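Novice:
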Amino acid sequence: MLTQLKTYPKLLKHYEEIKEMHMRDWFSKDKERASRYFVQLESLSLDYSKNRLNDTTLKLLFELANDCSLKEKIEAMFKGEKINTTEKRAVLHTALRSLNDAEILLDNMEVLKSVRSVLKRMRAFSDSVRSGKRLGYTNQVITDIVNIGIGGSDLGALMVCTALKRYGHPRLKMHFVSNVDGTQILDVLEKINP
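The end of the sequence shown is residue 248 by the numbering used here, with every number in the run present.
#1: From histidine 68 to isoleucine 199, what distance separates their C-alpha atoms?
#2: For isoleucine 246, is the classification buried or exposed, using 16 other Cβ atoms within 10 angstroms of its Cβ as the cut-off for buried?
#3: With distances taken between CB atoms, is the gap from alanine 149 to leucine 166 smaller than 8 Å?
#4: Using 8 Å as the threshold, is the C-beta distance between lysine 121 and threonine 216 below it?
#5: Count the other C-beta atoms from every protein chain shown that fall within 10 angstroms of the C-beta of isoleucine 158, then say buried if there are 16 or more, exposed otherwise.
#6: According to DSSP, which residues form a beta bridge with asparagine 201?
#7: Measuring only the C-alpha atoms, how far is alanine 144 from histidine 76?
#8: Any idea which residues DSSP pairs phenylalanine 92 with across the strands?
#9: Please determine, among Leu209, Ala211, Leu226, the residue with the shortest C-alpha to C-alpha distance to isoleucine 196.
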């Protein structure tokens, strides 16, 4: 557990030391702050200069990452090891996002070709929904999509749809259900035309 790690109390103490500091003061004391806390890799820019952190914060966060064995866990993910302890399986994020032909193994079997095949089918399906060619159960054009998921299966889809909302199809409305007791799904079903 994170709170049991030796770096955790240091981070709490550090937070107490910096929590009252105003961002204006940090920028006025450190004229290089905007460039020091900025990283760019190709088209990805990360500006973390406007976050409540300093060099000590970063040092402590790197210590925390070491305490958590983060490097080893990342390597295990890339190797296809079963790091999802809840479901006792590999996460395969790397296969979903791979743009090259690197070998990605799961139980000593290459999975990239299979993943790309599924992604291609998903693309064809989503294109057919957006175009109106794919009809719903009542033979009508689909207007509502209900995502049912828990954890990352809910939060990941919700985050992407929220971030890309302005680029979404004007006819399609997204709904999210993450509760297993039935109340949330009933609320959603009352809003849509099945």
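Every residue gets a Cβ at the ideal spot worked out from N, C-alpha and C, and that includes glycine. On a predicted model such as this, the values are computed, not experimentally measured, just so you know.
Specialist: Per the coordinate set shown:
#1: 45 Å
#2: An exposed status is given to isoleucine 246, since fewer than 16 other beta-carbon atoms sit within 10 Å of its beta-carbon.
#3: At the C-beta level, alanine 149 and leucine 166 come within 8 Å of one another.
#4: Checking the sequence, you will find aspartate at residue 121 rather than lysine. Cβ atoms of aspartate 121 and threonine 216: not closer than 8 Å.
#5: buried
#6: According to DSSP, which records beta bridges pairwise, asparagine 201 is partnered with Phe230.
#7: Roughly 43 Å separates the two Cα atoms.
#8: Asp101
#9: Nearest of Leu209, Ala211, Leu226 to isoleucine 196, Cα basis: Leu226.
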